[in-house]
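Asker: Pasting a structure here, questions to come.
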Amino acid sequence: MKGTLWLAWRQQRALVACAVVVVLAAAALAAYFRAGMLDDLRSGLFDHCDPGPLYCTRAPDGLPQFLDVEPLRLLGALNLVLPVLVGVFWGAPLLGRDRELGTHQMVLSQGVGRAQWFASRFALAALGTAVLSGALALLFRWWWEPAVNRSYGVFWYEATALTGSGPSLVAAALFGLAVGTLAGLLTRRVLSAAAWTLLVTGAVAVLVQWTHRARLLVPPHRYVSDGWQPKEPMGDKWSTGHYGLITGSGRRDSAAECPFPSGRELRECMTGHGYVSRYYEANPAGDYWAFQWADTALLGGLALVLLLVTVLLLRRRV
Amino acid sequence: MTGPDEPAALHATELGFRYRARGEWALRECGFTVPRGRITALVGRNGAGKSTLLHLAGGLLRPAHGEIRVLGAAPGGGAARSRVALLTQDKPLYPRFTVADTLRMGGRLNASWDQPVAERVVREGGIALSARVGELSPGRRTRVALALALGKRPELLLLDEPLADLDPVVRGEIMATLMAEAAEREVSIVLSSHVLPDLEQTCDWVVLLRAGRVELSEDADALREGHALLTGHVEEEPTLREHTVVHRRTHGRQLTALVRPRGPVGGTWHVERPGLEEILLGHLQDGTRGAKGAAA
Chain A
171 MKGTLWLAWR QQRALVACAV VVVLAAAALA AYFRAGMLDD LRSGLFDHCD
221 PGPLYCTRAP DGLPQFLDVE PLRLLGALNL VLPVLVGVFW GAPLLGRDRE
271 LGTHQMVLSQ GVGRAQWFAS RFALAALGTA VLSGALALLF RWWWEPAVNR
321 SYGVFWYEAT ALTGSGPSLV AAALFGLAVG TLAGLLTRRV LSAAAWTLLV
371 TGAVAVLVQW THRARLLVPP HRYVSDGWQP KEPMGDKWST GHYGLITGSG
421 RRDSAAECPF PSGRELRECM TGHGYVSRYY EANPAGDYWA FQWADTALLG
471 GLALVLLLVT VLLLRRRV
Chain B
3 MTGPDEPAAL HATELGFRYR ARGEWALREC GFTVPRGRIT ALVGRNGAGK
53 STLLHLAGGL LRPAHGEIRV LGAAPGGGAA RSRVALLTQD KPLYPRFTVA
103 DTLRMGGRLN ASWDQPVAER VVREGGIALS ARVGELSPGR RTRVALALAL
153 GKRPELLLLD EPLADLDPVV RGEIMATLMA EAAEREVSIV LSSHVLPDLE
203 QTCDWVVLLR AGRVELSEDA DALREGHALL TGHVEEEPTL REHTVVHRRT
253 HGRQLTALVR PRGPVGGTWH VERPGLEEIL LGHLQDGTRG AKGAAA
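The listed protein sequences correspond, in order, to chains A and B. Here the working numbering is used: the first residue of the first sequence is 171, the next is one more, and so on. Here the working numbering is used: the first residue of the second sequence is 3, the next is one more, and so on.
As structure tokens, then:
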């Protein structure tokens with residue numbers, strides 16, 4: 171095992187060095203900008219802001235007021251594309267380079283077997299990927315912490331936060347690695363393996379975003395308020411955009427039937443049409459973890475399936 | 003040296019292999035034995051299955067049918083891996099590694115490793131250990147690949163076209179290195195090559211493949227003694243009926259035939275003892291006799 175690990179390290183050390191540089195740079199930026207955010211909060215500028223989705227405004231001119239969260243969003247964007255980057259630059263050459271050069275034949279003609287050769291290099295790549303993605307996810311979480319779910323900060327349901335932090339990022343990065351590895355085995359060319367990885371990992375990333383928006387894996391909660399009394403505030407919930415009226419028999423209708431926010435008109439309209447309550451659908455902030463675990467299970471499961479396919483094909487293809 | 007009970011260097015029974023993509027059999031019904039301690043020439047035309055056979059013996063491919071054993075063990079298994087070295091045709095090496103790195107890799111990936119031997123093979127070619135493999139000429143790359151194979155101290159060395167695309171001087175040098183190491187350690191060598199003259203001097207066993215089947219697997223001297231090159235008048239040809247005519251060629255009324263006599267040859271023939279090259283060439287050309295033989 172030692173020999174193949176040495177070879178894996180010798181071939182992947184440049185990638186490991188790149189990963190270390192990325193994490194260190196992100197950590198330095200996070201420390202700098204997070205300190206700036208904390209200074210802004212300490213200055214008292216945001217003390218009057220209510221929690222909730224409504225913009226916090228400045229007293230003199232009424233303009234919305236924000237913390238400097240753009241750099242944080244940039245880290246989130248990097249984390250969003252991280253699985254693709256890992257797949258293209260780490261996964262695709264993992265077997266693809268050896269297949270392209272034929273060097274696996276030379277290595278396997280030495281005293282090592284296929285299983286050992288593959289296990290060593292994949293283990294090192296998976297460890298590197300897990301540490302890289304885990305570190306970036308934790309950095310995001312730490313940096314985000316003063317601005318979590320604040321009108322002047324970043325809400326949990328923004329893609330950069332929901333996908334760019336937490337354990338699902340590690341699963342997504344490992345999925346990218348598994349796609350690249352299998353593509354390298356199948357295509358025998360680093361470049362075409364990279365192209366396939368870009369396509370597949372990108373498509374799955376888009377699909378995951380779609381499942382979030384469609385609330386496919388984490389169904390929303392229905393918040394019902396009796397009669398025309400004020401609805402429970404949306405706060406930091408993630409609205410589906412579905413809201414409306416419910417009749418005595420339980421039928422749900424569009425809010426457009428009574429398009430009044432409150433007051434006498436609403437009351438008259440609702441009694442006239444026989445509506446007894448109003449509702450809206452949203453995911454509460456606590457669903458952040460439900461989304462995280464759903465994505466982790468989905469992408470981690472897919473990564474395991476791809477790894478299994480790779481191992482099964484290894485004997486026939488290499 | 004090699005007792006009768008010692009397992010053969012190579013032993014194949016009913017060996018068959020087909021590439022999925024092409025679908026046709028690359029090797030079929032191959033049965034042969036190569037004894038230990040021999041330097042074996044694996045000969046055949048392009049596509050005859052030489053590389054496939056060596057890849058099977060090296061454990062890089064698995065037979066679709068039958069079996070092949072190397073030194074009595076299954077190829078690719080732990081027992082065979084440490085005792086068999088395979089140098090594939092394109093001699094793949096990591097281009098970004100230095101020569102020293104490449105040899106270090108050999109040391110790390112093999113249970114037994116002879117660094118002095120590997121370094122000597124490299125140094126004999128005037129190659130600096132600090133040179134990058136990707137920047138070496140093809141001849142020097144072959145030498146580094148050979149150093150990797152010899153540093154392993156194999157008991158069986160499988161070489162797939164080791165001399166292709168090398169100039170004659172380098173070819174001679176590499177052959178000399180190979181033979182010196184082989185003699186020193188009694189390594190069995192199986193070597194596929196198109197360069198028949200190179201084989202004449204070095205090989206003492208011949209395996210000849212034709213269209214995926216083994217046609218000959220014999221001692222080289224026995225082959226030389228078992229063949230005769232006959233030259234005579236075309237009308238004498240019926241006297242050859244009882245013998246195996248490997249290859250025949252007519253020039254006007256003169257007939258030249260490579261024959262495996264089964265007993266004394268009748269008729270009036272000028273008889274010559276053919277060289278190994280002529281015998282192999284005769285067997286390789288066999289089957290295209292009609293068209294090419296007449297034209298020649």
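We treat Cβ as the ideally placed atom computed from N, Cα and C, and that holds for glycine.
In chain order, what residues of the region 163 to 185 of chain B put their CB closer than 8 Å to some CB of chain E?
Answerer: The structure shown contains no chain E; its protein chains are A and B.
Asker: Would you mind reading off the limits of the beta strand (DSSP E) that contains A:Trp260?
Answerer: Premise fails: A:Trp260 is in no beta strand (DSSP E) and is neither H nor E.
Asker: Contact criterion: CB-CB distance below 7 Å. Does A:Ser279 meet it with respect to chain B?
Answerer: For A:Ser279, the answer is yes, since a Cβ of chain B falls inside 7 Å of its Cβ.
Asker: Is the distance from the Cβ of A:Trp237 to the Cβ of A:Ala317 below 7 Å?
Answerer: The amino acid at residue 237 of chain A is misidentified as Trp; the sequence shows Leu. Yes, these two residues count as a Cβ contact at 7 Å.
Asker: Could you tell me which chain B residues have their CB closer than 9 Å to the CB of A:Gln275, listed as they occur along the chain?
Answerer: Those within 9 Å of A:Gln275 in chain B are His57, Gly60, Leu62, Leu88, Thr90, Asp92, Pro94.
Asker: So what does B:Trp27 bridge to, in DSSP terms?
Answerer: Its beta-bridge partners are B:Arg20.
Asker: Are three or more beta carbon pairs between the region 479 to 486 of chain A and the region 398 to 406 of chain A nearer than 8 Å?
Answerer: Because the criterion of three Cβ pairs below 8 Å is not met, the region 479 to 486 of chain A and the region 398 to 406 of chain A do not touch.
Asker: To the nearest angstrom, how far is the alpha carbon of B:Val36 from that of A:Val340?
Answerer: Each residue's Cα considered, the two are about 54 Å apart.
Asker: Whose Cβ in chain B lies nearer than 7 Å to the Cβ of A:Val282?
Answerer: The answer, in chain order, is Leu111.
Asker: Go ahead and label B:Leu201 buried or exposed: buried means 16 or more other beta carbons lie within 10 angstroms of its beta carbon, across all protein chains shown.
Answerer: Answer is buried; the Cβ neighbour count reaches 16.
Asker: Between the region 172 to 184 of chain A and chain B, which residues of the former have a C-beta closer than 8 Å to a C-beta of the latter?
Answerer: For the region 172 to 184 of chain A, which is checked against every Cβ of chain B, the residues closer than 8 Å are Lys172, Gly173, Thr174, Trp176, Leu177, Arg180, Gln181.
Asker: Using alpha carbons as the reference points, say which of A:Asp406, A:Val378, A:Ser432, A:Leu244 lies closest to A:Ser395.
Answerer: If we check each option's Cα against that of A:Ser395, A:Ser432 comes out closest.
Asker: Quick one: residues in its chain with C-beta nearer than 7 Å to the C-beta of B:Gly74, no 5 flanking neighbours on either side, listed in chain order?
Answerer: Excluding sequence neighbours, B:Gly74 sits near Pro9.
Asker: What three-state label does DSSP hand A:Asp465 in the structure shown?
Answerer: Three-state result, A:Asp465: helix.
Asker: Please return the same chain residues whose Cβ sits closer than 6 Å to the Cβ of B:His249, not counting the five positions on each side in sequence.
Answerer: Contacts found: Leu260, Gly284, Gln287, Asp288.
Asker: Going by C-alpha to C-alpha distance, which of B:Gln91, B:Asp92, B:Gly33, B:Gly127 sits closest to B:Glu175?
Answerer: Taking only the C-alpha atoms, the option nearest B:Glu175 is B:Gly127.
Asker: Just the C-alpha distance for B:Arg243 and B:Gly277, rounded to the nearest angstrom, thanks.
Answerer: Roughly 23 Å separates the two Cα atoms.
Asker: Just how far apart, CA to CA, sit A:Ala364 and A:Leu175?
Answerer: Between A:Ala364 and A:Leu175, the C-alpha separation is close to 24 Å.
Asker: Assess contact between the region 231 to 245 of chain B and the region 266 to 276 of chain B, defined as three or more Cβ pairs (one per stretch) separated by less than 8 Å. Is contact present?
Answerer: Yes, the region 231 to 245 of chain B touches the region 266 to 276 of chain B.
Asker: I need the boundaries of the alpha helix (DSSP H) containing A:Leu377, first residue and last residue.
Answerer: Counting along the chain, the alpha helix (DSSP H) containing A:Leu377 begins and ends at 360 to 383.
Asker: Run through the region 240 to 326 of chain A for me and flag every whole alpha helix (DSSP H) of 4 or more residues, listed as ranges in chain order.
Answerer: Correct list: 240 to 256, 262 to 271, 273 to 278, 284 to 314.
Asker: Give the residues of chain A in contact with B:Arg83, contact being defined as C-beta atoms less than 9 Å apart.
Answerer: By Cβ distance, chain A contributes Leu278, Ser279, Gln280, Gly281, Val282, Gly283.
Asker: Using the Cβ count rule (16 or more neighbours within 10 Å means buried), how would you classify B:Ala82?
Answerer: It is buried - the Cβ of B:Ala82 has at least 16 other Cβ atoms within 10 Å.
Asker: Could you tell me the distance, in whole angstroms, from the CA atom of A:Ala201 to the CA atom of A:Leu264?
Answerer: Near 33 Å, if we compare the C-alpha coordinates of A:Leu264 and A:Ala201.
Asker: Cβ of B:Ala147 within 6 Å of any heavy atom in the ligand MN?
Answerer: Only the bare structure without any ligand can be found here, which leaves the ligand MN out of the picture.
Asker: Straight-line CA distance for B:Ala11 to A:Val192?
Answerer: The straight-line gap from Cα to Cα measures roughly 53 Å.
Asker: B:Lys52 versus chain A: which residues are under 7 Å apart at the beta carbon?
Answerer: Within 7 Å Cβ-Cβ: nothing; B:Lys52 doesn't reach chain A, min ~15 Å.
Asker: Quick check on A:Tyr327: buried or exposed, where buried means 16 or more other Cβ atoms within 10 Å of its Cβ?
Answerer: Flag for A:Tyr327 reads buried.
Asker: Using beta carbons (cut-off 7 Å, strictly below), is A:Leu271 in contact with chain B?
Answerer: Yes, A:Leu271 lies at the interface with chain B (some Cβ there is under 7 Å from its Cβ).
Asker: What's the C-alpha gap between B:His196 and B:Thr42?
Answerer: Each residue's alpha carbon lies about 13 Å from the other.
Asker: Excluding the 5 residues flanking A:Thr410 on each side, which residues of the same chain have their C-beta closer than 7 Å to its C-beta?
Answerer: The residues are Arg385, Pro390, Glu451, Ala452.
Asker: Helix, strand or coil: how does DSSP classify B:Arg134 here?
Answerer: If DSSP states are grouped into helix, strand and coil, B:Arg134 belongs with the strands.
Asker: State the DSSP-derived secondary structure class of B:Ile281, mapped to helix, strand or coil.
Answerer: The answer is helix: DSSP assigns B:Ile281 an H, G or I state.
Asker: What did DSSP end up calling A:Val479 once you bin it into helix, strand or coil?
Answerer: A:Val479: helix per DSSP, three-state reduction.
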